[in-house]
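Following: one structure in structure tokens, then a few remarks.
Pasting the structure below:
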């Protein structure tokens, strides 16, 4: 764990770690946008992830999504299976970036 990261400060993450959160989300977006359908990635970013909430629990970062993420995506033609698969990969990428940006190793699985 990075000496700079304080789990207690993460409870007020937007006041204490706003820049780091932006960097992690931006890194994940750039990674996903280079590898997947950019229209789908932009749609997920703007309609689902804009309402997501990162948490630090039990030694790891977890991204909580808003209710009904599929229903939020409008104007992008994609089947439910591809949406769910892409969203899962995207969320995992954000969680990986949060661990990397904050210098926190994932707990052993």
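Residue numbers (our numbering): 27 to 135. Cβ coordinates follow ideal geometry from the N, Cα and C atoms, glycine included. Given the structure is predicted, the values throughout are model-derived calculations rather than measurements.
- Looking at the backbone, the Cα of residue 75 and that of residue 38 are separated by about 19 angstroms.
- If only complete runs of 3 or more residues are kept, the segment 41-67 shows no beta strand (DSSP E) anywhere.
- Taking residue 72 as reference, the option from 81, 91, 84, 85 with the minimal CA-CA separation is 91.
- Taking a 10 Å sphere around the C-beta of residue 83, we find fewer than 16 other C-beta atoms and assign the residue as exposed.
- A direct Cα-Cα distance of roughly 5 angstroms separates residue 123 from residue 50.
- The Cβ atoms of residue 127 and residue 46 sit closer than 8 angstroms to each other.
- Buried is the label assigned to residue 43, since at least 16 other Cβ atoms lie within 10 Å of its Cβ.
- Residue pairing by DSSP puts residue 80 in a beta bridge opposite 89.
- The Cβ atoms of residue 70 and residue 116 lie closer than 8 angstroms to each other.
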